[in-house]
Amino acid sequence: METVLAYFDSIPSSHRSLILVSGITFFWLLEYAVPLFKFDYKKFKHAWPNIFFTLTTIVVNFVLAFILLKTSDWTVANDFGVLQWLDLPLWATILLGVALLDLIGAYFAHWAEHKIKPLWMFHLIHHTDNHVDTTTANRHHPGESLIRFIFTTFGVFIIGAPVGIIMLYQSLSVVLSQFNHANIKMPKWVDDAISWVIVSPDMHKVHHHYVLPYTDTNYGNIFSIWDRLFGTFAKMRNEDLIYGVDSYPDVDSNSHIGKLLKLPFEGYRPPVGGKFKEEAP
Numbered sequence: 197m198e199t200v201l202a203y204f205d206s207i208p209s210s211h212r213s214l215i216l217v218s219g220i221t222f223f224w225l226l227e228y229a230v231p232l233f234k235f236d237y238k239k240f241k242h243a244w245p246n247i248f249f250t251l252t253t254i255v256v257n258f259v260l261a262f263i264l265l266k267t268s269d270w271t272v273a274n275d276f277g278v279l280q281w282l283d284l285p286l287w288a289t290i291l292l293g294v295a296l297l298d299l300i301g302a303y304f305a306h307w308a309e310h311k312i313k314p315l316w317m318f319h320l321i322h323h324t325d326n327h328v329d330t331t332t333a334n335r336h337h338p339g340e341s342l343i344r345f346i347f348t349t350f351g352v353f354i355i356g357a358p359v360g361i362i363m364l365y366q367s368l369s370v371v372l373s374q375f376n377h378a379n380i381k382m383p384k385w386v387d388d389a390i391s392w393v394i395v396s397p398d399m400h401k402v403h404h405h406y407v408l409p410y411t412d413t414n415y416g417n418i419f420s421i422w423d424r425l426f427g428t429f430a431k432m433r434n435e436d437l438i439y440g441v442d443s444y445p446d447v448d449s450n451s452h453i454g455k456l457l458k459l460p461f462e463g464y465r466p467p468v469g470g471k472f473k474e475e476a477p
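Given below as structure tokens:
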């Protein structure tokens, strides 16, 4: 564990970029081999807006990275934060650190984006993708990237996370987000088993169903425990899934990037909503 932590403590930017690109490439190819849905779309055309927003996310996080690192250095130097107060074995420190960063930087951030109207307007771009695949994972408006960065930095401060744990968390977050957005089909029993520990593809895709209350479920990114613990876990048959947002049917996967960038500043449209369907036995 010391070797792993030491690697992520000084991981080169080129390695982090390789993790991101390798993940997209792997799941992109897997989508051709075992697709969940056979979308009638041009895969490369669909990917372009998502790749653009992936690049803007990288830029936002790169520009602001010094704030994250300074926050981490301060907590360690001043013995501040949950990890600094607990005397745990290294493996437990790493596991708890990654789990709590996932809770604050992903679950709580995601929940807040659905509950607070101005934040939802930025997050909305992610949900307007009506052909969800692995490239959707990083389809975030620059404003949302900033929002999530703030939550992550707050998490680092409260947790007292050292740099190695932060880099490990971010690497896992990227790859597992690409995994649970990927348009891949797995045996149902495998997906169900995975979803008891980490967010599986079938679990997360419920969150991308176009209508409430499903849109407000399954907020998790790495660990599924948070949705189960806070009562936001839901299931749905894949055959019943319809991607998109009911209140923005005129915005789709292939919308011009300029339109997507301006969308958060347009008028808020309340969701129509719906009722849970009975899950098939």
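Converting from the sequence shown to this note's numbering requires adding 196 to each position, the first position being numbered 1.
Think of the CB as a built atom: it goes at the ideal place given N, C-alpha and C, for glycine as much as any other residue.
These numbers come from a predicted model, not from an experiment.
Sequence-distant residues of its chain with Cβ nearer than 6 Å to residue i (five each side left out)
| i | result |
| --- | --- |
| Gly416 | Tyr303, Val395, Trp422 and Asp423 |
| Phe204 | Gly360, Met363 and Leu364 |
| His327 | Phe235, Tyr237, His242 and Ser449 |
| Ile254 | none |
| His306 | Tyr415 |
| Leu201 | Gly360 |
| Asp412 | His310 |
| Val447 | Thr324 |
| Pro245 | Ile453 |
Counterpart residues of residue i in DSSP-defined beta bridges
| i | result |
| --- | --- |
| Phe419 | Ile394 |
| Ile380 | Pro231 |
| Tyr444 | According to DSSP, which records beta bridges pairwise, Tyr444 is partnered with nothing at all. |
| Tyr439 | His405 |
Opening and closing residue of the alpha helix (DSSP H) in which residue i lies
| i | result |
| --- | --- |
| Ser213 | Ser209 to Ala229 |
| Gly360 | Val359 to His377 |
| Asn257 | Lys239 to Ala273 |
| Pro314 | Lys313 to His323 |
| Tyr203 | Glu198 to Asp205 |
| Thr289 | Leu286 to Asp298 |
| Gly351 | Pro338 to Ile355 |
| Leu282 | Looking at the DSSP string, Leu282 is not in any alpha helix (DSSP H), and its letter there is neither H nor E. |
Helix, strand or coil at residue i [DSSP, three-state]
| i | result |
| --- | --- |
| Tyr406 | coil |
| Tyr464 | coil |
| Phe328 | It is worth fixing the name first, because residue 328 is Val in this sequence and not Phe. It is coil, neither helix nor strand. |
| Asp387 | helix |
| Lys458 | helix |
| Arg335 | coil |
| Thr428 | coil |
| Thr196 | For residue 196 there is no data in the structure shown, the boundaries of the chain being 197 and 477. |
| Gly301 | helix |
| Lys473 | Residue confidence for Lys473 is low, a pLDDT of 47 falling below 50, so the modelled location carries little weight and cannot support an answer. |
| His452 | coil |
Contact set for residue i: own chain, Cβ-Cβ below 7 Å, skip 5 residues either direction
| i | result |
| --- | --- |
| Val256 | Pro338, Ser341, Leu342 and Phe345 |
| Leu437 | Lys401 and His405 |
| Gly333 | Reading off the sequence, residue 333 comes out as Ala, not Gly. These residues qualify, in order along the chain: Ser373, Gln374 and His377. |
| Pro466 | Ser443 |
| Phe233 | Asn379 |
| Leu299 | Trp422 |
| Ala229 | none |
Proximity test, residue i beta-carbon vs the ligand MN heavy atom, cut-off 6 Å
| i | result |
| --- | --- |
| Leu456 | Absence of the ligand MN from the depicted structure is noted, as is the absence of any ligand whatsoever, leaving it without description. |
Same chain, Cβ closer than 8 Å to residue i, five either side skipped, listed in chain order
| i | result |
| --- | --- |
| Met197 | Leu286, Trp287 and Ile290 |
| Asp207 | The sequence as given places Ile at residue 207; Asp does not occur at that position. Within the same chain, Ile207 has close Cβ partners Met363 and Ser367. |
Quiz item: Three or more beta-carbon pairs under 8 Å between the stretch 293 to 308 and the stretch 208 to 224, yes or no?
Solution: no
Practice problem: Answer yes if the stretch 304 to 318 comes into contact with the stretch 238 to 248, meaning at least three C-beta pairs across the two stretches below 8 Å, and no otherwise. | Solution: no
Exercise. Would you check if there are 3 or more beta carbon pairs closer than 8 Å linking the stretch 260 to 276 to the stretch 389 to 403?
Key: Of all C-beta pairs linking the stretch 260 to 276 to the stretch 389 to 403, fewer than three are shorter than 8 Å, placing the two stretches out of contact.
Quiz item: Do the stretch 424 to 432 and the stretch 443 to 463 touch if we need at least three Cβ pairs shorter than 8 Å?
Solution: By the Cβ test, the stretch 424 to 432 is not in contact with the stretch 443 to 463, since fewer than three Cβ pairs between them sit closer than 8 Å.
Self-check item: the stretch 245 to 254 in contact with the stretch 272 to 292 per 3-pair CB rule at 8 Å
Solution: no
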